[in-house]
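Student: Here it is, the structure, as structure tokens.
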Amino acid sequence: MEPTKVLFVTSECVPFIKTGGLADVAGALPKYFDKTRYDVRVIMPKYTCIPDKYRNQMKFLYSFTTGFHFKDQYVGVFQLEMNGVTYYFLDSEYYFSGSWPYDTILNDLEKFCFFCHAVLSTIRTLGFKPDILHCHDWQAGMVPVYLNSYFQGDLFYHGIKTVMTIHNLRFKGEYDVPTVMDRTGLSSYYFSSDKLELNRNGSLLKGGLVYSDYITTVSPSYKEEIKTGFYGEGLDGLMRARSNSLYGILNGIDYETYDPEKDPSIPFNFKPSNLVKGKEENKLALQRELGLPEDKNAFVIGLVSRLTDQKGIDLITCVFEEILKMHVQFIVLGTGESRYEYFFRGAQAMHPDQVRAEIYYSEALSRRIYAGTDAFLMPSMFEPCGLSQLLALRYGSAPIVRETGGLKDTVHPYNEYEGTGNGFSFTNYNAHDMLNVIRYAEQTFRRHKKEWHAILRRGMEEDFSWNRSAREYEKLYDALIADREEEKKRLQSAMARDISYEAPRKAEEKPVEEKNAVKKTGGRKKKDSGK
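As numbered in the numbering used here, residues 78 to 608 make up the sequence shown, in order.
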């Protein structure tokens, strides 16, 4: 039996290009499928900003032109194999040049409409016909729409199933209807409230959610949250309507890439059995690196994040001075809104022995922060899944989170009476609720060392690898293929009924020649002369 063929359609993928968690999913998940049963490949734009060390490894396959936006557009198809996964790259310098994969929303609308159109054109001649197109976020949202519009008349595309994964419902690929109609090339038929229209605008993500066979989100709790008005971003009605086709599958992390026992980015490698020494050595090394006082008794809190309101940064700024009244050090790594960048820079200037604001991003430093901090703060307003808390657990840093989305699914609050839990959490989006939980964590760290180390050890020993997630996606793919086979059977049964219904009718009808002969003889048959 041939393996099920799956093609991930994504705008970014590690290690080639990354701006967020989507790239981690697209880069890591395909490696974890059972390769005897699933052939999972990835297709993405060939951006000119992909590092040359990867671009130089790409093999040119072929090129063609496709009609898009009133002109013929060049599409080059390149291939690269890495870690047992085949990656395809679609080349168009007209759309994919520049120093960054994304531009203004107006330019990106046309860019990713072209990308979706080019993906469907490419698989026609690729020699790899996917059973399932797995589309990620709004940039791939037009694939299910085009599959049900422009490409519907070609028998080659019949039977191809689609999955649409929401990584963050806030980003919908949205603009006014005339502009989206122009960029997509679709008629006004597609811009009604049951299709691409959203709040009098057009939304590429909504199109993908309407026309895909299955929808997934990146955590079970987020799946339920987006059915509500607060989290649904105007799409909660659609999510409720499609609840029978909506699944929540928790993201994972690559345990081979993120391994504190082997990670070359951290000064002292460690595992659960030598957790206490490993954490202490990495803490002191981190303090030295960042110029903080070397104090193993300080409660060191880490924050690696985009500095935006979604991440709950306003809660932190609200009670930051009260946090610093404890015996703590606070380390921030990330960029974002200027008001938050200025705040943390100012806090460092005012409290140089307690605060470090690293307003940039470094993958290597982030790992040293996970390994060297006692606790990791993540008070998000909403969090579809979150990878940072998984990395903190992996590197022995106790997460302090708000109970939302994937944070609720992965961080289990410490219960001092039962001796359970891998971190700390609070429910309401409230600064003082967060402050109280930070105080509780700090007191546990200071007064109950044995229990504290047990919390960290439980977190390190949990399995949040992609292995578990891949098994869930395999079940989803199997269900889609079963649906397709059932549709085939229903179609064949209907055709058989039509044939069996037509046959008696045809038998009852007299041939035209016989009718004419009867008319000529006045309804009497000619006698056989015997000659």
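Think of the CB as a built atom: it goes at the ideal place given N, C-alpha and C, for glycine as much as any other residue.
1. On the premise that Glu435 lies in contact with Leu410, defined as a C-beta separation below 8 Å, what is that separation, rounded to the nearest angstrom?
2. At 3 residues or longer, what runs of the beta strand (DSSP E) sit wholly inside the region 458-542?
3. Taking only three categories from DSSP, how would you classify Lys388?
4. For Glu310, I'd like the list of residues in its chain whose CB is within less than 8 Å of its CB, leaving aside the five on either flank, ordered along the chain.
5. Please tell me whether Thr125 and Ser88 are closer than 9 Å, where the distance is taken between their beta carbons.
6. Terminal residues of the continuous beta strand (DSSP E) containing Gly279?
7. Is Glu310 helix, strand or coil by DSSP?
8. Ordered along the chain, which non-local residues of its own chain (more than five positions away) have a Cβ less than 8 Å from that of Ser622?
9. Following the continuous alpha helix (DSSP H) through Pro297, name the residue where it begins and the one where it ends.
10. Looking only at C-alpha atoms, which of Gly473, Ser198, Phe189 and Tyr308 sits nearest to Ser350?
11. Please find out if some non-hydrogen atom of the ligand COA comes closer than 8 Å to the beta-carbon of Asn492.
12. Do Arg260 and Glu170 count as a contact pair if the criterion is CB distance below 9 Å?
13. Can you tell me the Cα-Cα spacing of Tyr517 and Phe407, whole angstroms?
14. According to DSSP, is Val91 part of a helix, a strand, or is it coil?
15. Roughly how many angstroms separate the alpha carbons of Tyr267 and Ser289, rounded to a whole number?
16. Is the beta carbon of Leu273 closer than 9 Å to that of Val86?
17. Does the region 491-504 come within contact of the region 424-432, defined as at least 3 CB pairs closer than 8 Å?
18. Which class does Cys212 belong to by DSSP, given the choice of helix, strand or coil?
19. Grab me the residues of Pro92's own chain with a C-beta within less than 6 Å of its C-beta, minus the 5 sequence neighbours each way, in chain order.
20. Please classify Asn328: is it buried, with 16 or more other beta-carbons within 10 angstroms of its beta-carbon, or exposed?
21. Would you kindly report the start and end of the unbroken beta strand (DSSP E) that includes Gln425?
22. Among Tyr437, Gly204 and Gly325, which residue has its Cα nearest to the Cα of Gln156?
23. Give every residue of the same chain whose Cβ lies closer than 7 Å to the Cβ of Asp313, excluding the five residues on either side of it in the sequence, and list them in chain order.
24. Just to confirm my understanding: we take Thr553, look at its own chain, exclude 5 residues before and 5 after, and list those with CB closer than 8 Å. What are they?
25. Which value, in whole angstroms, describes the spacing of the CA atoms of Asp336 and Arg471?
26. Name the DSSP bridge partner or partners of Pro122?
27. Exposed or buried, Met537, counting other C-beta atoms within 10 Å across all chains shown (16 or more means buried)?
28. In this structure, what does DSSP give as the bridge partners for Phe145?
29. Answer yes if the region 188-204 comes into contact with the region 220-232, meaning at least three C-beta pairs across the two stretches below 8 Å, and no otherwise.
30. Looking only at its own chain, which residues have a Cβ that is under 6 Å from the Cβ of Tyr299, when we skip the five neighbours before and after it?
Tutor: On the basis of the data shown:
1. Here residue 410 refers to the residue found at position 333 when the sequence shown is read from its first residue. Here residue 435 refers to the residue found at position 358 when the sequence shown is read from its first residue. Sure, about 5 Å apart at Cβ, within 8 Å.
2. 475-479 and 501-503
3. Start at 1 with the first residue of the sequence shown, and residue 388 comes out as number 311. Looking at Lys388 - three-state DSSP - the assignment turns out to be helix.
4. For the purposes of this step, residue 310 is identified with residue 233 of the sequence shown, where counting begins at 1. Excluding positions up to five away in sequence, the list reads Leu246, Arg247, Lys249 and Ile303.
5. Walking along the sequence shown from the start, residue 125 turns up at place 48. Walking along the sequence shown from the start, residue 88 turns up at place 11. In this structure, Ser88 does not lie closer than 9 Å to Thr125 by Cβ.
6. Here the question's residue 279 lines up with position 202 in the sequence shown. Looking at the DSSP string, the run of the beta strand (DSSP E) that includes Gly279 is Asn278 to Ser280.
7. Numbered from 1 along the sequence shown, position 233 holds the residue referred to as residue 310. The answer is coil: DSSP assigns Glu310 none of H, G, I, E or B.
8. Residue 622 is absent from the model: the chain starts at 78 and stops at 608.
9. Looking up residue 297 in the sequence shown gives position 220. From DSSP, the alpha helix (DSSP H) with Pro297 extends over Pro297 to Glu302.
10. In the sequence shown, residue 350 corresponds to position 273, counting from 1. Ser350 has its Cα closest to that of Gly473, out of Gly473, Ser198, Phe189 and Tyr308.
11. This structure lacks the ligand COA; in fact it carries no ligand of any kind.
12. Taking the first residue of the sequence shown as 1, we reach residue 170 at position 93. Taking the first residue of the sequence shown as 1, we reach residue 260 at position 183. Not in contact: Glu170 and Arg260 (Cβ atoms no closer than 9 Å).
13. Residue numbering aside, residue 517 sits at position 440 when the sequence shown is read from its first letter. Residue numbering aside, residue 407 sits at position 330 when the sequence shown is read from its first letter. So the alpha carbons of these two residues sit roughly 16 Å apart.
14. On the sequence shown, position 14 is the one that residue 91 refers to. Val91: coil per DSSP, three-state reduction.
15. Position 190 of the sequence shown holds residue 267. Position 212 of the sequence shown holds residue 289. Those two C-alpha atoms are separated by around 15 Å.
16. To locate residue 86, count along the sequence shown from 1; it is residue 9. To locate residue 273, count along the sequence shown from 1; it is residue 196. No, Cβ-Cβ distance for Val86 and Leu273 is not below 9 Å.
17. no
18. Within the sequence shown, residue 212 is the residue found at index 135, counting from 1. Of the three classes helix, strand and coil, the one that applies to Cys212 here is strand, per DSSP.
19. Looking up residue 92 in the sequence shown gives position 15. Nothing meets the Cβ criterion.
20. Start at 1 with the first residue of the sequence shown, and residue 328 comes out as number 251. It is buried - the Cβ of Asn328 has at least 16 other Cβ atoms within 10 Å.
21. Within the sequence shown, the letter at position 348 stands for residue 425. First-last for Gln425: Ser415 to Met427, but that is the alpha helix (DSSP H), not the beta strand (DSSP E).
22. Numbered from 1 along the sequence shown, position 79 holds the residue referred to as residue 156. Nearest C-alpha to Gln156: Gly204.
23. Here residue 313 refers to the residue found at position 236 of the sequence shown. If we look at Asp313 and ignore the five residues flanking it on each side, its Cβ neighbours are Ile303, Lys304, Thr305 and Gly306.
24. Taking the first residue of the sequence shown as 1, we reach residue 553 at position 476. It is Leu, not Thr, that sits at residue 553 in the sequence shown. Result list for Leu553: Val240, Tyr291, Thr293, Tyr324 and Ile326, in chain order.
25. Against the sequence shown, residue 336 aligns to sequence position 259. Against the sequence shown, residue 471 aligns to sequence position 394. Going by the C-alpha atoms only, they are around 7 Å apart.
26. Indexing the sequence shown from 1 puts residue 122 at position 45. Beta-bridge pairing links Pro122 to Leu167.
27. Here residue 537 is taken as the residue at index 460 of the sequence shown, counted from 1. Result: buried.
28. Walking along the sequence shown from the start, residue 145 turns up at place 68. DSSP lists Lys148 as partners of Phe145.
29. yes
30. Indexing the sequence shown from 1 puts residue 299 at position 222. Closer than 6 Å at the Cβ level, and outside the excluded window around Tyr299, lie Pro461 and Gly482.
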